[in-house]
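Enquirer:
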């Protein structure tokens, strides 16, 4: 791609607009956290959102979870706006993400399980996209709120390779740092590749 895109973190007003105008279109209701939860995470410093701009026009957004002390960054939501799709921008942004998430040893990704998704074809396309971009499926799954996800790991250059269980443990640690024990027990469960409960 010859076009140069700029990255910057979105403020509360910008993120609210992205949630209302873009995320509600790009993700099914069962997959979306409440806006208040996302804004609270940003306010307490456990999360941040990258806006990728073509001049002054938003081209993509990446919501990241990165609590203090975490060795990894979690890609919470990621989408390229419709008018910028099908040109390779998404793959380029994933390749560029580690340099913006400085110090992260890996990028963890939750991708909706196609067999449990409202839009099975869309979920399968997402998994295929992440796979083509080098993300590895750990085989572990996660039940988060009302949706099911496969847990993927994208290794960061120079940081070595995260083993599957190591990646899942890092994601568990990420959640433990960001939500209460009550919320954990109510909303989050992890499962091994053989279907047994991990935690």
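Numbering (this note's numbering), first residue to last: 2 to 200.
All C-beta atoms in this analysis are idealised placements derived from N, C-alpha and C, irrespective of residue type, glycine included.
1. For residue 75, I'd like the list of residues in its chain whose CB is within less than 6 Å of its CB, leaving aside the five on either flank, ordered along the chain.
2. Considering only their Cβ atoms, is the gap separating residue 51 from residue 33 smaller than 8 Å?
3. Could you pull the start and end residues of the alpha helix (DSSP H) that residue 125 belongs to?
4. Classify residue 56 as helix, strand or coil using the three-state DSSP reduction.
5. For the structure I just gave you, are there three or more beta carbon pairs, one from the region 159-178 and one from the region 68-84, closer than 8 Å?
6. Let me confirm a value: residue 22 is counted as buried when at least 16 other C-beta atoms fall within 10 Å, else exposed. Which label applies?
7. For residue 112 and residue 153, which I take to be in contact (beta-carbon distance under 8 Å), what is that distance rounded to the nearest angstrom?
8. In the DSSP assignment, find the beta strand (DSSP E) that holds residue 82 and state where it starts and stops.
Expert: So, from the listed chains and residues:
1. Within the same chain, residue 75 has close Cβ partners 66, 109 and 175.
2. No, Cβ-Cβ distance for residue 33 and residue 51 is not below 8 Å.
3. Segment 121-133, the alpha helix (DSSP H) holding residue 125.
4. Three-state DSSP puts residue 56 in coil, outside helix and strand.
5. Result yes; three or more Cβ-Cβ pairs closer than 8 Å.
6. Flag for residue 22 reads exposed.
7. Beta-carbon to beta-carbon, residue 112 and residue 153 are separated by about 6 Å, close enough to satisfy the 8 Å threshold.
8. Per DSSP, residue 82 is not a residue of any beta strand (DSSP E), being assigned neither H nor E.
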